[in-house]
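Residue numbering for the sequence shown follows my numbering, starting at 7 and increasing by one per position. C-beta atoms are modelled at their ideal positions from N, C-alpha and C, and glycine is treated no differently. Owing to the predicted nature of the structure, the values given are computational and were not obtained by experimental measurement. Here is the structure we will look at, set down as structure tokens.
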Amino acid sequence: MATAAHPRKRPREDDPEAPPPQRAPSAPPRTLPVSPGCYAGPFPFYGRPAEVGHFSLDEQRRYHGDARQLRYFAPPPDHRPDPPFDLLDGYQDRYVRRDEDVREGLDHLLRWVLHNRCRLPGHRPGQGSAGVLRVDGVCHGLEGG
7 MATAAHPRKR PREDDPEAPP PQRAPSAPPR TLPVSPGCYA GPFPFYGRPA EVGHFSLDEQ
67 RRYHGDARQL RYFAPPPDHR PDPPFDLLDG YQDRYVRRDE DVREGLDHLL RWVLHNRCRL
127 PGHRPGQGSA GVLRVDGVCH GLEGG
């Protein structure tokens, strides 16, 4: 009993009566235009990131140019893999949710930069606030709070 092949199915590859497979026309591969002249210099040196300063946000998300909100966790001396306490205990009572309607962006980070230009690499003494900072980038971590 012969069965008709479903029109939407691929023919079996081992069927000698099957027509050869048709390939859809393919578009040429996309390429990214590159200007070799941009890469003629030596490869830049990327050193290990270093902390140059810190700032804190209090419960009302007010900026403080110090580490007053920085906390450390010291594990118990018995070095158990699972501490005998719940790190989330009391979290719901103390956590202050940030107002999602207030768009802070990088305001706090940039405020720190304005107040601490002399601590940043590339700052020249006597330049004041008019000088251009020569930094490759700014890296920061965000902590809740």
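At the level of alpha carbons, what is the spacing between residue i and residue j?
i: residue 39; j: residue 120; result: 38 angstroms
i: residue 58; j: residue 65; result: 24 angstroms
i: residue 148; j: residue 124; result: Unreliable placement is indicated for residue 148, whose pLDDT of 49 sits below 50; no coordinate value is reported for it.
i: residue 74; j: residue 42; result: 49 angstroms
i: residue 104; j: residue 67; result: 8 angstroms
i: residue 79; j: residue 98; result: 19 angstroms
i: residue 100; j: residue 113; result: 24 angstroms
i: residue 151; j: residue 102; result: Its pLDDT being 40, under 50, residue 151 is placed unreliably in this model, and the coordinates cannot settle the point.
i: residue 107; j: residue 131; result: 40 angstroms
i: residue 32; j: residue 24; result: 23 angstroms
Where does residue i sit, in a helix, a strand or coil, going by DSSP?
i: residue 120; result: helix
i: residue 152; result: Any answer about residue 152 is impossible in this case: the structure gives the chain only from 7 up to 151.
i: residue 149; result: Note that residue 149 scores 47 on pLDDT, short of 50, meaning its location in the model is unreliable and no value can be drawn from it.
i: residue 101; result: coil
i: residue 70; result: strand
Kindly indicate which residue of the options has the alpha-carbon position closest to the one of residue i.
i: residue 115; options: 92, 62, 77, 94; result: 62
i: residue 110; options: 69, 102, 49; result: 69
Is the beta carbon of residue i less than 8 angstroms from the beta carbon of residue j?
i: residue 118; j: residue 47; result: no
i: residue 81; j: residue 90; result: no
Taking 7 angstroms as the cut-off, is the CB of residue i close to at least one heavy atom of the ligand PLP?
i: residue 70; result: This structure lacks the ligand PLP; in fact it carries no ligand of any kind.
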